[in-house]
Each structure stands twice: as C-alpha cells, then as structure tokens.
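The block underneath contains the structure these notes are about, expressed in structure tokens.
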Ligand code: HH2
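In the numbering used here, the protein residues as written are 1 to 285.
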C-alpha cells in the first residue's frame with residue numbers, strides 16, 4: 001500500500017522526548033489500561049471507586065507498565081456503550097487523576113472530547129488517546145497542538161461493513177486525521193497511529209488489520225495496538241473477556257513482530273513477560 005500523495009511518509013528527524021526511549025527499545029512500550037467506568041467491556045465497575053483505581057494503577061506500574069491509559073467513558077467496541085457527557089467524564093476523573101499522575105508513570109487520557117483532554121492535561125496527563133482520531137470533536141486537535149504532547153490517532157467506524165478492505169479504509173481515515181492534525185499544528189513527532197482493533201470491524205477485519213499491520217508503516221508513524229481481551233479472540237476460541245489472556249498475548253506478540261511500538265493491555269505483567277521473552281529469543285536469530 002502506498003500512502004496518499006498529500007501525506008508522504010514523515011521521516012522522524014525529530015522525536016518526541018517522551019516517546020524516544022520507547023521507540024529505541026527492542027520491545028514495545030506497554031500501556032496499562034485503567035478504566036474508571038461502570039460499564040467497560042471487560043472490567044467495567046471494577047475500578048470506578050477512587051481507592052481501587054489508584055491501587056490498580058500502582059499495581060500496573062509495579063508490574064512494569066510504561067504508561068497508564070486512563071479512560072472515564074466506555075467506548076465498548078461492539079456492544080454500544082452509553083455515551084457520557086464531558087461533565088460526567090470529568091466527574092469520574094477528578095477524584096483520581098492527579099493521584100495517578102503522582103505515581104510517576106506517564107499518564108495518557110483516553111477521551112474523544114477536547115475539554116476532557118484539557119482537564120486531564122491540567123492534572124498532569126502527558127499524552128492523549130483519541131478513539132475517533134481527532135475526527136469527533138474539533139477541539140481535540142487544537143488541545144493536542146497547544147499542549148504539544150503525543151496523541152494516539154485511532155481508526156474507527158460508525159458502522160461495520162464486512163465487505164470493506166479494512167486496511168484501505170484505515171488509510172483513508174488516517175489521511176483525514178493527519179490532515180486535521182497538520183492544519184492544527186500538531187507536530188509529526190507527536191503522532192501515533194492505531195488500527196483500532198474491534199472498533200467498527202468484524203472479528204475477521206480486526207484480525208486482517210493485525211495480519212497486515214506492516215502496511216501501516218508507509219505513513220511513517222509509530223503504531224499502537226490494543227487487542228487486549230477483544231471479541232475477535234472469542235471468534236476463534238469461544239471465551240469471556242477475562243478468559244482471553246492467551247489470545248491477547250498471541251495478538252500482541254504478532255503485533256510487536258510486525259512493528260508495533262506500543263501495546264495497550266489489561267494484563268501488564270503477562271504482556272511484558274511475553275514481549276521480553278519473544279525479544280530475547282529473536283535476538284538469537
Ligand atoms: N480500545 C479500547 C479503548 N480505548 N484506545 C486505543 N488507542 N486503542 C484501543 O484499541 C482501545 C482504546 C477498548 O478497550 P477498553 O478500554 O478495555 O474498553 P472500554 O472502551 O469498554 O472501556
């Protein structure tokens with residue numbers, strides 16, 4: 001796949017200070033998931049009490065998480081989450097965010113809303129993660145540009161279309177997002193692309209995206225993959241979300257082998273161990 005003309009691959013002469021050590025490392029950075037929601041698909045309601053949220057963040061950092069990704073609105077890739085307004089999202093974040101930041105690991109905020117992103121940055125968040133790739137709220141790109149922090153641009157679709165070539169669809173989506181980013185003044189070294197496993201995709205399309213991950217390299221940006229506990233795993237091996245560790249590890253190892261530099265995962269210790277062991281073996285080739 002070739003990138004469309006107007007977004008010729010960006011050589012990263014400049015590298016974000018925050019991202020540089022992870023981009024140079026042999027195995028990907030692991031982003032531990034902290035959902036302070038009542039309804040997330042695999043852990044909804046487990047960490048919405050502030051003390052439990054903080055304890056979970058602490059545990060993930062102790063397990064080696066490089067980044068903590070905090071989300072206060074479930075995006076439920078397949079079941080149709082209840083959307084919440086920005087006041088509710090901020091109300092869920094307010095009691096915990098500064099305390100999570102104080103633990104010392106860089107914090108990313110998983111939101112599609114500019115005002116929530118701004119609130120999180122004011123609390124010390126170091127990164128933005130937008131599951132609508134800057135295309136939902138026009139304020140997001142401006143907030144990201146002003147703060148000059150890394151931003152994850154994730155592919156998403158309103159509706160599933162099994163007939164689509166999903167990687168082609170991603171190319172068109174990323175072209176729009178990158179155009180928005182450029183116009184807002186987001187620096188290329190702050191951009192990370194994400195195929196959005198499970199979002200607006202059939203299980204087959206999620207697996208195609210993983211199989212063809214290398215095709216996204218033409219854009220010239222680091223890739224993040226979040227396959228943790230997602231439904232495509234159950235399409236191969238029927239299981240509930242909390243029984244999908246094996247499938248998550250398989251998908252994340254293949255993603256790492258295909259160039260992913262960031263892995264978003266619920267199970268930090270197991271994910272890091274798998275990545276490091278695979279890397280140690282590959283080093284002996
Ligand atoms: N997946 C989820 C949420 N945010 N962000 C990125 N960049 N990539 C992903 O694949 C991704 C994401 C869905 O997982 P989870 O947070 O566990 O569930 P929920 O959205 O129901 O809270």
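C-beta atoms are modelled at their ideal positions from N, C-alpha and C, and glycine is treated no differently.
### Query
What do you reckon, is the C-beta of residue 45 under 6 angstroms from a heavy atom of the ligand HH2?
no
### Contact check, residue 166 vs residue 108, beta carbons under 7 angstroms
Contact: no.
### Task
Give every residue of the same chain whose Cβ lies closer than 7 angstroms to the Cβ of residue 268, excluding the five residues on either side of it in the sequence, and list them in chain order.
30, 32, 60, 63, 64, 65
### Task
Using a threshold of 7 angstroms, state whether the C-beta atoms of residue 176 and residue 143 are closer than that.
no
### Inter-stretch contact at 8 angstroms, needing at least 3 Cβ pairs: the segment 215-222 / the segment 246-256
Segments in contact, no.
### Query
Between the beta-carbon of residue 90 and the beta-carbon of residue 116, is there less than 7 angstroms?
yes
### Query
From residue 286 to residue 170, what distance separates their C-alpha atoms?
Since the displayed the chain opens at 1 and closes at 285, residue 286 lies outside it and no answer follows.
### Message
Looking at residue 210: is its Cβ nearer than 7 angstroms to the Cβ of residue 163?
### Response
no
### Task
Count the other CB atoms, across all protein chains shown, that sit within 10 Å of the CB of residue 72; report buried if there are 16 or more and exposed otherwise.
buried
### Query
Does the beta-carbon distance from residue 206 to residue 232 come in below 7 angstroms?
Yes, these two residues count as a Cβ contact at 7 angstroms.
### Task
Would you check whether the ligand HH2 has a heavy atom nearer than 6 angstroms to the C-beta of residue 244?
no
### Message
Taking the straight line between their C-alpha atoms, what separation do you get for residue 95 and residue 88?
### Response
12 angstroms
### Message
Taking the alpha-carbon of residue 256 as reference, which of 272, 241, 186, 54 has the nearest alpha-carbon?
### Response
272
### Task
Tell me whether residue 247 sits in a helix, a strand or coil according to DSSP, three-state version.
helix
### Query
Can the beta-carbon of residue 69 be found less than 7 angstroms from the beta-carbon of residue 110?
yes
### Query
Per DSSP, which one or two residues make a beta bridge with residue 70?
34, 109
#### Entry: residue 33 Cβ short of 6 angstroms to the ligand HH2 heavy atom set
yes
### Query
Any heavy atom of the ligand HH2 closer than 6 angstroms to the CB of residue 258?
No, since every heavy atom of the ligand HH2 falls outside the 6 angstroms radius drawn around the Cβ of residue 258.
### Query
How is the beta strand (DSSP E) around residue 262 delimited, first residue to last?
262-265
### Message
I want to check one thing, is the minimum distance from the CB of residue 110 to the heavy atoms of the ligand HH2 below 6 angstroms?
### Response
Residue 110: yes, Cβ under 6 angstroms from the ligand HH2.
### Message
Going by DSSP in three states, residue 129 sits in which element: helix, strand or coil?
### Response
strand
### Task
Mind checking who residue 224 pairs with in its DSSP beta bridge?
For residue 224, which the question treats as bridged, DSSP gives the partners 262.
### Task
Find out if the Cβ-Cβ distance for the pair residue 137, residue 114 is shorter than 7 angstroms.
yes
### Message
Suppose the cutoff is 7 angstroms on Cβ atoms and the five residues either side in sequence are ignored; what does the same chain contact list for residue 186 look like?
### Response
141, 144, 145, 151.
### residue 115 CB to nearest heavy atom of the ligand HH2 below 6 angstroms
no
### Query
Nearest to residue 154 by alpha carbon, out of 147, 161, 201, 184?
201
### Task
Determine the extent of the alpha helix (DSSP H) in which residue 151 is found, giving its start and end residues.
Premise fails: residue 151 lies in the beta strand (DSSP E), 151-154, not in any alpha helix (DSSP H).
### Query
So is the beta-carbon of residue 154 under 6 angstroms away from any non-hydrogen atom of the ligand HH2?
yes
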